[in-house]
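Under my numbering, the first residue of the sequence shown carries the number 78, and numbering increases by one thereafter. For each residue, glycine too, the CB sits at the ideal point set by N, CA and C. Here the structure comes first, spelled out in structure tokens, and everything after it is commentary.
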Amino acid sequence: MKGLNGKVAIVTGGATSIGAAVVEALVGAGTKVVIADIAVSSGEKLAKSLGDGVLFQKTDISFDHDIKKCIDATIQKFSRLDFVINAACTYLDNGMNSTREEFLQSVNINVAGGFVLTQKAWPYLKKTKGAVVNFSSIGAKVAQPGRCLYSMTKGAIHQLSRNEALLLAKDGIRVNTVSPGWTWCTVLDELSGGDKKATDNIASPFHMLGRVGKQKEIADTVLFLCSDHASFITGADIPVDGGYMALGPEQQDDALAKLADAR
Ligand SMILES: NC(=O)c1ccc[n+]([C@@H]2O[C@H](COP(=O)([O-])OP(=O)(O)OC[C@H]3O[C@@H](n4cnc5c(N)ncnc54)[C@H](O)[C@@H]3O)[C@@H](O)[C@H]2O)c1
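See the structure below:
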């Protein structure tokens, strides 16, 4: 894709899972990357495996001083910043039993962390006419069993991103969200015991394409949003969900045929 080679990105949550796939895809496109994550051993291992163009910077995005250190390290090593990818998240969620502390922690990591990073990156993104991609989710748009805090934060990211897009447009900075459906990740790996086929079978009725997403499919969309090909796209949300959100409550069954059969 045009406009990625020689650029510099910060990817929060880039040490594992979908974030790591974004890091790998960016590196493949010639972008230099700073992995900003609390997962030190995976982050260092990934950075080492990808060579000189990748730096791991231990960063807890719930702390402003870590965010500042991350941006300083980026500029010191690569002298510029073009893209901020806010993929880090916590799945901390106890539904209606969530405490105020958990509520605030969830907002702090999932919403405020990305906001403060974007704010501190702003002067550098202004220089490069850069782009921000915030990770939302299908969970932002519909109720899902057992969830409350996580979905609320993902919903907030949509509105935050629209406002960031407007506030930063005058500086030539674009801000968009990606909203993945079920995507192969650490949680699904642990829950299914690594069984991708069983996971696809569970996901099939509510994803039109009959399977969960691949990490690379999400990463490719992030790259598109950063690239020159998306130069007129800002304030938008791109669902990468195999048709999850386009499917109505009838799912994929022919309800009228069921009615006729029931006579
Ligand atoms: N996996 C899915 O099915 C799915 C679906 C929709 C949206 N998403 C979104 O995609 C993104 C990645 O999801 P995932 O499933 O790969 O998540 P994950 O839990 O596997 O990875 C999240 C990463 O964020 C890091 N992190 C957590 N707290 C942090 C903090 N305070 N500071 C810095 N880093 C921190 C973790 O160490 C980890 O590397 C998330 O924003 C998630 O909401 C995922």
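Query                                                                                                      : Result
Cβ-based burial, N240 [other Cβ within 10 Å; buried from 16]                                               : exposed
Supposed contact pair G91 and V100 - C-beta distance, whole angstroms, cut 8 Å                             : 4 Å
N- and C-terminal bounds of the beta strand (DSSP E) containing Q134                                       : V131 to K135
Length of the line joining the Cα atoms of S297 and D248                                                   : One detail in the question is off: residue 297 reads as Asp in this sequence, not Ser. Each residue's alpha carbon lies about 25 Å from the other.
For A189 and D70, believed in contact at Cβ under 8 Å, the rounded distance                                : Any question about residue 70 goes unanswered here, given that the chain covers just 78 to 340.
Boundaries (first-last residue) of the beta strand (DSSP E) holding S160                                   : Per the sequence shown, the amino acid found at residue 160 is Phe instead of Ser. Where F160 is concerned, the enclosing beta strand (DSSP E) stretches over F160 to N163.
Contact check, G312 vs A242, beta carbons under 9 Å                                                        : yes
Length-filtered (4 minimum) alpha helix (DSSP H) runs lying within the region 232-286                      : 263-269 and 273-280
Straight-line Cα distance separating Q182 from K291                                                        : 28 Å
L336 vs M78 beta-carbon contact at 9 Å                                                                     : no
Reduced DSSP secondary structure (H/G/I, E/B, other) of T151                                               : helix
D143 in three-state terms, based on DSSP                                                                   : helix
beta-carbon I115 near ligand 3 non-hydrogen atom, thresh 8 Å                                               : Ligand 3 is absent from the structure shown, which contains only ligand 1.
Segment limits, alpha helix (DSSP H) that includes F192                                                    : G190 to T205
Three-state secondary structure (DSSP) of D170                                                             : coil
Local conformation of T230 per DSSP, three classes                                                         : helix
I310, DSSP secondary structure in three states                                                             : coil
Q221, buried or exposed, once every other Cβ within 10 Å from all chains shown has been counted against 16 : exposed
Whole-angstrom C-beta distance between T89 and L194, which should lie under 8 Å                            : 7 Å
Exposure of N253, with buried meaning 16 or more beta-carbon neighbours within 10 Å                        : buried
Closest by C-alpha distance to D143, when choosing among L333, T108, K197 and E267                         : K197
9 Å Cβ cutoff met for V117 and K135                                                                        : yes
K154 and V219 closer than 9 Å at C-beta                                                                    : no
K291, DSSP secondary structure in three states                                                             : coil
Between the CA atoms of G207 and H235 - distance to the nearest angstrom                                   : 19 Å
Exposed unless 16 or more other CB atoms sit within 10 angstroms - verdict on L268                         : exposed
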